[in-house]
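Visitor: Can you keep this structure in mind? I'll have questions shortly.
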Amino acid sequence: MALVRDNRFLNLKLSLPQASTTIFPCCFPMAATTTASAKVTCVANNTVSATDLDRINVLGSGNSGTVYKVTHKTTSEIYALKKVKEDMDSTSRCQLLREIEILRLVDSPYIVKCHDIFQKHSGEVSILMEYMDLGTLESLRGSAITEDQLALIARQVLKGLNYLHELKIVHRDIKPANLLRNSKEEVKIADFGVSKVVVKSLNKCNSFAGTCAYMSPERVNSEADVAEEDKANVYAGDIWSFGLTMLEILVGYFPLVPQGQKPDLATLICAVCLEESPKAPEECSEEFKSFIDCCLRKKPSERWTASQLLNHPFLLRQH
Numbered sequence: 001m002a003l004v005r006d007n008r009f010l011n012l013k014l015s016l017p018q019a020s021t022t023i024f025p026c027c028f029p030m031a032a033t034t035t036a037s038a039k040v041t042c043v044a045n046n047t048v049s050a051t052d053l054d055r056i057n058v059l060g061s062g063n064s065g066t067v068y069k070v071t072h073k074t075t076s077e078i079y080a081l082k083k084v085k086e087d088m089d090s091t092s093r094c095q096l097l098r099e100i101e102i103l104r105l106v107d108s109p110y111i112v113k114c115h116d117i118f119q120k121h122s123g124e125v126s127i128l129m130e131y132m133d134l135g136t137l138e139s140l141r142g143s144a145i146t147e148d149q150l151a152l153i154a155r156q157v158l159k160g161l162n163y164l165h166e167l168k169i170v171h172r173d174i175k176p177a178n179l180l181r182n183s184k185e186e187v188k189i190a191d192f193g194v195s196k197v198v199v200k201s202l203n204k205c206n207s208f209a210g211t212c213a214y215m216s217p218e219r220v221n222s223e224a225d226v227a228e229e230d231k232a233n234v235y236a237g238d239i240w241s242f243g244l245t246m247l248e249i250l251v252g253y254f255p256l257v258p259q260g261q262k263p264d265l266a267t268l269i270c271a272v273c274l275e276e277s278p279k280a281p282e283e284c285s286e287e288f289k290s291f292i293d294c295c296l297r298k299k300p301s302e303r304w305t306a307s308q309l310l311n312h313p314f315l316l317r318q319h
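Here the sequence shown is numbered in the UniProt record's numbering, starting from 1 and rising by one per residue.
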């Protein structure tokens with residue numbers, strides 16, 4: 001493993017953000033409800049309330065709350081219901097408000113749909129989401145996936161990223177666990193808890209938010225001297241994370257460390273900032289090797305954008 005000799009790493013911003021007392025300036029504040037449950041119009045144009053939903057099982061849980069698979073009692077429609085913890089600290093509440101703001105902004109077939117949000121007087125918040133029956137892309141890791149299958153996945157994720165970036169939204173946490181798929185072979189982007197709406201063109205998005213294993217070099221080492229064009233390219237971090245994710249799905253293991261090794265923070269810092277970018281295996285096609293190279297270039301300004309990648313030969317070849 002490469003030795004850390006560069007004094008820049010003494011200034012790495014690797015501490016989690018401190019709880020803030022500032023209220024996040026949400027453009028779309030949660031509307032107060034007069035009853036325990038709010039009304040929502042779902043895809044089928046049926047009126048639904050929280051009391052109309054029956055829980056089936058837990059789909060997953062994390063620091064912010066739990067996601068349930070639920071069914072509508074009358075229509076049997078299936079949804080995912082994210083129930084957010086009531087005892088959130090100020091940082092978690094900021095993340096929730098940010099996620100709600102973005103969910104209300106977006107409307108794309110490549111983004112997991114938010115049907116609506118329920119809020120009780122107690123402060124409990126639940127988000128009614130589209131149900132993706134095949135779960136996350138983590139389930140594909142280690143399976144014998146072909147390049148053609150990966151191209152189908154990559155094209156959809158890039159269309160979602162291109163849509164977000166055109167809206168000046170940086171996701172900041174692209175990884176297999178935040179990309180969901182269903183039995184229609186659809187792949188959609190989820191989880192906007194650490195995403196950010198870029199207000200100014202030079203608004204840096206290099207804060208230590210998201211999953212560190214998938215962070216780009218400029219986000220891991222935000223103190224490094226970088227050109228103005230690299231500072232301006234706030235969306236390039238999503239492309240790095242996307243490239244790592246696609247390579248991981250194909251090879252079956254996290255590509256920044258040898259197969260079977262669990263990455264620790266020091267190893268990740270060396271791999272991301274000091275070592276060469278990971279490459280596609282030799283047995284892969286030249287188109288895929290080039291595709292991964294275009295995603296995992298160290299300089300943000302040299303990485304292809306989502307729009308450019310959608311026109312890469314890897315995605316344009318006949319399948």
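Where is the CB? At the ideal position from N, CA and C, for every residue including glycine.
Let me know if V106 comes out buried or exposed under the rule of 16 or more other beta-carbons within 10 Å of its beta-carbon.
Guide: By the neighbour-count rule (16 or more Cβ atoms within 10 Å), V106 is buried.
Visitor: Three-state secondary structure (DSSP) at N178?
Guide: Residue state, collapsed to three classes: helix.
Visitor: Give me the DSSP bridge partner(s) of I292.
Guide: The partner list for I292 (beta bridge, DSSP) is empty, contrary to what the question assumes.
Visitor: Going by other Cβ atoms of all chains shown within 10 Å of its Cβ, with 16 needed for buried, is L265 buried or exposed?
Guide: L265 should be labelled exposed.
Visitor: Run through DSSP, which three-state label would I249 get?
Guide: DSSP places I249 in helix when its eight states are reduced to three.
Visitor: Looking only at its chain, what residues have a beta carbon closer than 7 Å to the beta carbon of M70, apart from the 5 residues adjacent to it on each side?
Guide: In the sequence as displayed, the identity of residue 70 is Val instead of Met. Contacts found: L53, D54, R55, I56, Y79, L81.
Visitor: On the criterion of 16 or more Cβ atoms from any shown chain inside 10 Å, does V199 qualify as buried, or is it exposed?
Guide: Unreliable positioning characterises V199 in this predicted model, as indicated by a pLDDT of 48, which lies under 50. The coordinate reading is nonetheless provided below. Exposed: under 16 other Cβ atoms inside 10 Å.
Visitor: When you compare each of D173, V170, A177 to R141 by their alpha carbons, which one comes out closest?
Guide: That would be A177, whose Cα lies nearest to the Cα of R141.
Visitor: Measure the CB-CB distance between I189 and Y110 and report whether it falls below 8 Å.
Guide: A contact, by the Cβ cut-off of 8 Å.
Visitor: Are there three or more Cβ pairs, one per stretch, closer than 8 Å when the stretch 242-250 is compared with the stretch 282-300?
Guide: At 8 Å Cβ cutoff, the stretches touch.
Visitor: According to the Cβ coordinates, are L180 and T136 closer than 8 Å?
Guide: Yes, Cβ-Cβ distance for L180 and T136 is below 8 Å.
Visitor: May I have a chain-ordered list of the alpha helix (DSSP H) segments no shorter than 4 residues that lie completely inside the stretch 239-283?
Guide: Whole alpha helix (DSSP H) segments, 4+ residues: 265-273.
Visitor: Which whole-angstrom value is the C-beta distance of M132 and V112, which I expect to be below 8 Å?
Guide: Confirmed, Cβ separation roughly 7 Å.
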